[in-house]
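Engineer:
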Amino acid sequence: MSLHLKPSTRLLSVRDLHVNFTSRWPQEPNIDVLRGVSFQLERGERLALVGESGAGKSLLATSIIQLLDSSARIRQGSVHFEGQDLTQLSSKQLRQVRGRRIGMVFQDPMTNLNPNLTLEQQLLQCILSHRNISRAEARLVALHKLRQVHIPAPETRMRQYPHQLSAGQLQRATIAMALALEPALIIADEPTSALDVTMQAEIISLLTHLCHNNGVALLLISHDLSLVAHASDRCLIMYAGQIVEQGHTKSLINDAQHPYTQSLIRALPQMSEPGQSLYQIPGQMPFAQELGNQCAFANRCEHAYAACWNQPPARTVTLEREVSCHLVNPATAPTPAESEP
Amino acid sequence: MNAAKYHGHHIWRRFRRQQLWLQLKANKVALISSVILLLLTVTALLAPWLSPFDPSVLQQQNIMDAELPPAWHEQGDSRFLLGTDGLGRDLLSSLLHGIRTSLWVGFWAVLLQLTLGTVLGLCAGYFGGWMDRLVMRLADFQLTFSSLMLAILVLAITRAAMGAHDYHVWSPWLLILVLGLADWPQYARTLRASVLAEKHKDYVAAAQVLGYRSRHIMVMQILPNTLSPLLVIATLQVAHVILAEAALSFLGIGMPYGNPSLGGMMGSGFEYMLSGLWWIALMPGIALVLLLLSINLVADWLRDALDPKNIGPQQ
Amino acid sequence: MNNVASVLSRLITSALIIILVAMVSYWVLGLISPDETRNLNLAQYLLQVVSGDLGQSQFYHQANLQLVLQVLPATFELVLVTSLLVVLVVIPLGLFTAIAPQHKLARSIMAVSLIGISLPVFLTGSIMVYFFAVELNWLPTFGRGTTVPIGSWQSGLLTVSGWQHIMLPAATLSLALLPLFLRLLRAELLQVMQSNPVRLAQAMGITPWRIWLFYGLRNATLPMITMAGLQFGTLMAYTIVAESLFQWPGAGSLFMQAINRSDGPLVSAHLILVAIMFLSVSAIADLAYGLFNPHLAAWRRQ
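Chains as they are written, first to last, in this note's numbering: chain P, 3 to 343; chain E, 59 to 373; chain W, 269 to 570.
1. Who are the near neighbours of P:A178 in its chain, counting only those whose CB is closer than 8 Å to its CB and skipping five residues on each side?
2. So if I threshold CB-CB distances at 9 Å, which residues from the region 175-189 of chain P count as touching chain B?
3. Taking P:I76 as the reference, give the member of P:N22, P:I267, P:Y241 with the closest Cα.
4. Expressed to the nearest angstrom, what Euclidean distance is found between the alpha-carbon atoms of P:A309 and P:M240?
5. Suppose the cutoff is 8 Å on Cβ atoms and the five residues either side in sequence are ignored; what does the same chain contact list for E:L350 look like?
6. From the DSSP output, read off the bridge partner residues of P:M240.
7. Along the chain, where does the alpha helix (DSSP H) that runs through P:T89 open and close?
8. Can you tell me where the alpha helix (DSSP H) holding W:S536 begins and where it ends?
9. Compute the beta-carbon to beta-carbon distance between E:L172 and E:L288, rounded to the nearest angstrom, for a pair I have assumed lies under 8 Å.
10. Does the beta carbon of P:Q127 come closer than 8 Å to any beta carbon on chain W?
11. Can a CB atom of chain E be found closer than 8 Å to the CB of W:M269?
12. Cα separation between E:M341 and W:I544?
13. Considering only residues of the region 76-156 of chain P, which uninterrupted alpha helix (DSSP H) runs meet the minimum length of 4 residues and lie entirely inside it, listed in chain order?
14. Looking at the unbroken beta strand (DSSP E) that takes in P:G38, where does it start and where does it end?
15. Just to make sure I have the definition right: I need the residues of chain W whose C-beta is within less than 8 Å of the C-beta of E:R217. Which are they?
16. By Cβ distance below 6 Å, which residues in the same chain neighbour W:V358 in space, the five residues on each side in sequence not counted?
17. Cβ atoms of W:G424 and W:E345: under 8 Å apart, would you say?
18. Have a look at P:S326 and P:P193 and give me their C-alpha separation to the nearest angstrom.
19. Do E:R217 and W:I280 have their C-beta atoms within less than 8 Å of each other?
20. Can we say the region 284-294 of chain P touches the region 241-249 of chain P, given the rule of at least three CB pairs closer than 8 Å?
21. Spatial neighbours of W:E456 within its chain, please: C-beta separation below 7 Å, excluding the five flanking residues on both sides.
22. Using a Cβ cut-off of 9 Å, pull out every chain P residue sitting near W:L457, in sequence order please.
23. For W:P465, return the contacting residues in chain P, with the cut-off set at a CB-CB distance below 7 Å.
24. Residues of the region 172-190 of chain E in Cβ contact with chain W at a cutoff of 9 Å, in chain order, please.
25. Taking the continuous alpha helix (DSSP H) assigned at E:D190, which residues delimit it?
26. So for P:A196, helix, strand or coil by DSSP?
27. Note down, in chain order, every chain E residue with its Cβ under 9 Å from the Cβ of W:V402.
28. Enumerated in chain order, which unbroken segments of the alpha helix (DSSP H) with a length of 4 residues or greater are wholly contained in the region 357-402 of chain W?
29. Which one or two residues does DSSP pair with W:W571 in a beta bridge?
30. Please name the residue in E:A345, E:V100, E:G312 whose C-alpha comes closest to that of E:H223.
31. Mind listing the chain W neighbours of E:N283? Cutoff is C-beta to C-beta under 7 Å, in chain order.
32. Is it right to say E:H155 is buried, meaning 16 or more other beta carbons lie within 10 angstroms of its own, or is it exposed?
33. With respect to the alpha helix (DSSP H) encompassing P:V52, which residues constitute its N-terminal and C-terminal limits?
34. Name, going along the chain, the residues of the region 323-357 of chain W whose beta-carbon falls closer than 9 Å to a beta-carbon of chain P.
35. Give me the subset of the region 474-489 of chain W whose CB atoms are less than 7 Å from a CB atom of chain P, sorted by chain position.
36. Cutting at 7 Å between CB atoms, please list the residues of its own chain near E:V168, excluding the five before and the five after it.
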């Protein structure tokens with residue numbers, strides 16, 4: 003709680019969120035995929051969520067807006083957004099939040115836009131679902147938003163179908179759609195992973211600038227720490243369904259405390275000398291159902307010692323940082339003898 | 059995690075593991091319909107011994123017994139459980155023989171389809187090129203034209219050319235031939251797809267480089283993998299063929315009049331229905347629906363049960 | 269340019285197919301009525317067909333083409349009313365069973381449709397005749413009723429008696445097609461409702477009816493058109509059965525009469541007309557497909 007001095011500006015507060023997948027086979031146990039995720043997001047803040055694939059990042063995004071698969075279920079926890087707990091809302095109330103207060107940008111614009119509707123039709127569907135205005139007015143709004151995301155010749159582009167536009171233009175269009183109803187928060191789930199490398203930085207900077215200029219908070223989800231390093235104020239590091247470290251992006255990169263964050267930074271291409279091979283984190287992320295009473299990262303951690311295998315680490319909160327690691331926790335930190343491998 | 063292990067499963071291997079049986083026990087609808095199907099098949103096979111009368115023996119028919127309602131009706135006769143038709147024949151006996159005819163046509167026609175479809179599909183997938191294009195083009199055409207329409211045209215023209223009397227000597231065999239030759243595309247497509255999938259695997263290239271005959275290996279690899287989809291298609295096709303046979307017999311271009319067939323019985327029963335004698339057309343109708351429904355339900359269950367996606371715990 | 273070339277190649281293949289079918293029908297003519305081909309060789313026959321002369325019926329002593337054109341309106345109206353019934357019933361039922369697959373009513377609809385797939389046309393027809401005509405005496409069982417000429421087209425859709433007569437055959441035919449199309453539309457919709465565009469639409473809070481209409485139905489249109497085109501042969505076969513059941517004076521009945529009377533010229537003329545009908549339906553299906561396919565629509569506009 004130390005990070006947030008002015009509670010009145012809090013926009014989103016996720017507390018102890020547990021999501022599991024119910025198994026189709028009765029003899030199989032349900033699988034916890036999110037295991038106690040907590041974080042806050044201020045109004046206008048840019049927050050990055052980083053982790054490798056399978057960590058549960060996308061699931062976290064969809065469980066914030068309560069758009070889960072039929073097999074997934076929120077078992078425990080709350081998602082407070084603008085004063086209401088989204089987990090308690092009816093689907094009708096949720097529809098007032100989705101799109102209108104929280105905009106969403108997904109990974110691959112080529113498959114996420116409706117191939118059978120023009121851009122204009124899709125933007126209009128979205129605007130007319132939330133606002134009681136005429137089609138002509140809605141078209142003006144759509145046009146304005148397309149200009150904001152720098153789509154060239156928006157009047158003609160609007161009348162085209164997704165397959166006639168490039169991936170970069172399509173992602174700009176989905177950003178326009180997410181911004182169309184002036185939401186308070188945009189969740190962007192790997193918004194550039196399906197794009198060319200040259201396009202990635204451009205889209206990210208467009209997204210961050212638009213959010214900043216319109217006072218919209220941004221939750222930027224990515225597997226690429228270097229991509230979000232300049233695009234976020236704060237950063238959450240996620241591993242195996244838990245947030246292992248969070249803090250201000252700059253200080254987090256300069257002074258990572260969790261061994262997983264440290265190895266993520268070591269694995270960045272910028273960190274290795276030319277000619278030297280890239281660092282790889284050994285091993286694999288464990289399946290949620292294989293985890294017993296231990297630290298999820300223990301099997302890949304260079305510093306793992308007895309305590310790591312015996313109990314999951316508690317969260318250590320300092321002024322700037324929250325870390326879940328036995329090493330950092332003064333109560334469980336190893337004695338010098340233990341820390342020698 | 060187990061899904062991969064099960065992926066190239068054989069039906070018999072699974073049957074040996076009793077998974078199919080366990081799944082059947084768990085699925086009430088499938089269990090009931092397979093029991094009904096089994097009963098119908100057994101009674102059909104034993105029809106000559108089970109049925110109280112022989113529909114083909116004229117001496118057993120008495121026009122005085124004509125148009126009797128089922129036995130539970132107040133005007134019914136206890137000798138004729140399901141009543142009699144317009145010529146005084148026992149409906150139950152005709153019905154049992156009719157089911158026998160349906161299953162007989164269904165079995166042989168599907169066997170023919172299966173053979174033709176397998177050969178064409180294997181050839182199309184293996185040889186590729188113009189062979190593939192030709193076979194797939196023919197398959198598209200055949201699917202659009204529908205086997206029933208093709209059978210109607212071919213059989214109707216044959217009947218018109220031969221005359222009704224000569225035609226009915228040959229019609230049971232013609233029926234099997236036409237329905238068997240008409241409905242091969244689904245088998246061919248399935249086989250072609252799995253040949254193409256197998257063709258690009260490394261061992262085929264390796265075998266070719268080493269000068270081995272990859273054809274033999276491929277066939278031995280492919281056939282077990284396609285066994286379950288082929289079984290499902292074949293089961294569904296039995297229902298399809300039986301339905302087509304009934305429609306053709308109803309139109310008078312299928313089974314000869316003397317031979318009891320469900321469609322033919324319904325065709326001749328229809329005029330009696332207009333005068334209120336519903337059972338002559340309805341009894342064979344109910345038998346036909348029972349037969350088709352149980353086959354379709356068993357096929358539905360087989361499709362789900364043999365689908366690799368539904369085997370083993372979820373990932 | 270591309271457009272013209274594709275139309276041209278289509279016309280050429282169609283002409284080739286018709287000539288091929290004409291050869292077959294010459295052979296059929298010889299099989300059924302050998303005297304007809306004695307004084308007419310294949311080349312002469314083909315020339316006749318190309319010039320639009322399909323010969324003369326042995327039984328009616330009338331031009332075959334004229335005979336078929338007289339009965340074609342009856343068949344066309346039957347198929348039209350049937351298709352309308354199917355579309356009107358399938359769309360709401362398909363949407364409902366795909367949106368609420370777990371609903372009790374949706375489950376029973378799907379169960380009934382499974383039984384419906386196993387119900388032959390002639391059985392549903394017989395049962396309906398028994399109930400509505402014999403027991404209740406509401407509807408007539410054979411013929412078209414009173415028809416009104418519109419030019420050379422004899423329409424039964426303008427009179428009460430015409431509608432009364434078309435009810436049973438059209439209902440029978442549509443009941444035969446309904447389960448198949450319902451299951452197809454439902455499967456297609458279920459898949460569409462799981463797709464990425466629908467997920468994005470839901471994430472953006474788009475109104476459910478807009479999602480069902482503009483995402484669900486709209487995205488299921490193309491596969492349904494393809495399916496409808498593929499089912500044309502089945503529809504034709506079922507129409508023949510329904511027409512003979514209800515003595516509907518259409519092309520199917522005429523064909524069965526020609527068979528029963530061994531009227532070779534009329535049978536072979538039917539073969540050619542069936543081929544023409546097939547080619548036109550596949551052309552119409554392709555056109556409709558192009559109309560609804562944005563890839564083709566965009567290409568057309570350029």
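From the three backbone atoms N, C-alpha and C, an ideal C-beta is built for every residue, glycine too. Predicted model only: the values in this text are computed from it and were never measured.
Structural biologist: Result, derived from the coordinates:
1. L125, A144, K147, L148, Q150, V151, I153
2. The chain labelled as chain B is not found among the protein chains of the depicted structure, namely P, E and W.
3. P:N22
4. 21 Å
5. A297, I300, L301
6. P:I245
7. Taken as a continuous stretch (DSSP letters only), P:T89 belongs to no alpha helix (DSSP H), as it is neither H nor E.
8. 532-560
9. 7 Å
10. yes
11. Low per-residue confidence applies at W:M269: pLDDT is 49, beneath 50, and the placement is therefore not dependable, though the value from the model is reported in the following sentence. It does not; no Cβ of chain E falls within 8 Å.
12. 40 Å
13. 93-99, 111-114, 121-132, 137-150
14. 33-44
15. I527
16. F449, L450, L453
17. yes
18. 28 Å
19. no
20. yes
21. A488, P491, M492
22. Near W:L457 there are no residues of chain P at all, since even the closest Cβ is about 14 Å away, more than 9 Å.
23. N114, L115, N116
24. none
25. 187-203
26. coil
27. M331, L332, S333, G334, W336
28. 372-385, 389-396
29. With chain W covering 269 to 570 only, the question about residue 571 of chain W has no answer from this structure.
30. E:G312
31. Those within 7 Å of E:N283 in chain W number zero; the least Cβ separation is about 24 Å.
32. buried
33. Premise fails: P:V52 lies in the beta strand (DSSP E), 48-52, not in any alpha helix (DSSP H).
34. none
35. I474, T475, R478, F482, Y483, R486, N487
36. A292, Q295, V296, V299
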